[in-house]
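**Q**
Residue numbers (this note's numbering), protein chains in the order written: chain A, 1 to 157; chain B, 1001 to 1156.
(1) Comparing C-alpha positions only, which one of 6(A), 61(A), 45(A) and 16(A) sits nearest to residue 150(A)?
(2) Reducing DSSP to helix, strand and coil, say where residue 121(A) ends up.
(3) Kindly provide the ranges of any beta strand (DSSP E) runs that are 3 or more residues long and lie completely inside the region 11-88 of chain A, ordered along the chain.
(4) Taking C-beta to C-beta, are residue 29(A) and residue 87(A) nearer than 9 Å?
(5) Can a CB atom of chain B be found closer than 9 Å to the CB of residue 155(A)?
(6) Counting beta carbon pairs with one atom in the region 127-137 of chain A and one in the region 94-105 of chain A, are three or more of them shorter than 8 Å?
(7) Give the straight-line distance between the Cα atoms of residue 1074(B) and residue 1153(B), rounded to the nearest whole angstrom.
(8) Which of the three DSSP states is assigned to residue 1079(B) in this structure?
(9) Given that residue 1153(B) touches chain A, what residues does it touch there, using C-beta distances under 9 Å?
(10) Using DSSP with H/G/I as helix, E/B as strand and the rest coil, what is residue 1045(B)?
(11) Once the 5 residues before and after residue 127(A) are set aside, which same chain residues still bring their CB inside 6 Å of it?
(12) Can you name, in chain order, every residue of its own chain whose Cβ lies under 6 Å from the Cβ of residue 1119(B), other than the five neighbours on each side?
(13) With DSSP as the reference, please indicate the residues paired to residue 946(B) in a beta bridge.
(14) Taking Cβ to Cβ, would you say residue 119(A) is nearer than 9 Å to residue 13(A)?
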């Protein structure tokens, strides 16, 4: 059993038996992601995002800086990182068509609590409404990146 | 710093050997996005930048990101060599969290072309974004990418 206190994760972020809440996302809710700082938003998006299953923290259950707590290894607070945010609306409004079959790639925010990080969520990739584990061809990823670049913000923490 | 670009066809490990034996002070070349500086940047500095991005990604990428691999690293070196005369338009070089490297060619603040060099296959992405227009992205072979890029840059 993971001891969240020993990891230095604040109490309010522990799961403590709470279940995932997927019916209370609002379009203007922010999704926070820990990012390595770079010189421009374009580079931040390029460097820090893949478009598989991406981890975020929900604003409803956390402050921006809470995403800097790391539950996966011994470096428990990543103060050298920045926090980027995207609104649920910005994520879920993105539609990019596959260049050949013209089926749409879309994204869904899913609350996916971890034992020591209740706000943890993922953004899932859907193709024609069905979950997929990766995006092919690469040009689709490049187009998604241009959409992220338009709306991503760096939070003041 | 010894020119690396002529080495790109030799055995893969040569590059890693070379960098491992390059003195730290020589590796510490600054890279800035200001146009003035970029105009002066040499192929070696670009190569150095790619290498540093590669090294940083090994240290910094989390488990939901995809590391660039050697293949994309050498493809990026080959790319630099091919576009040597157009270096002045390069605004940034960045490792991609989805594997590989990306070069941004920028014309003022209104138009850019990203060349994304990915892991695992021979396809590169040519993405053109112009203010007021939908960005367009194409999956192309290496030679098609070079041809398309050079064609586009002629009009800049």
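Virtual Cβ for every residue (Gly too), placed ideally from N, Cα, C. None of these values were measured; they are calculated from a predicted model.
**A** In brief:
(1) 45(A)
(2) strand
(3) Runs of the beta strand (DSSP E) inside the region 11-88 of chain A: 30-35, 54-58 and 82-87.
(4) yes
(5) no
(6) yes
(7) 23 Å
(8) It is helical.
(9) Ordered by position in chain A, no residue passes the 9 Å Cβ test against residue 1153(B), which lies about 18 Å from the chain.
(10) helix
(11) Once the five neighbours on either side are set aside, the close Cβ partners of residue 127(A) are 103 and 105.
(12) 1069, 1072, 1099 and 1100
(13) With chain B covering only 1001 through 1156, there is no way to say anything about residue 946(B).
(14) yes
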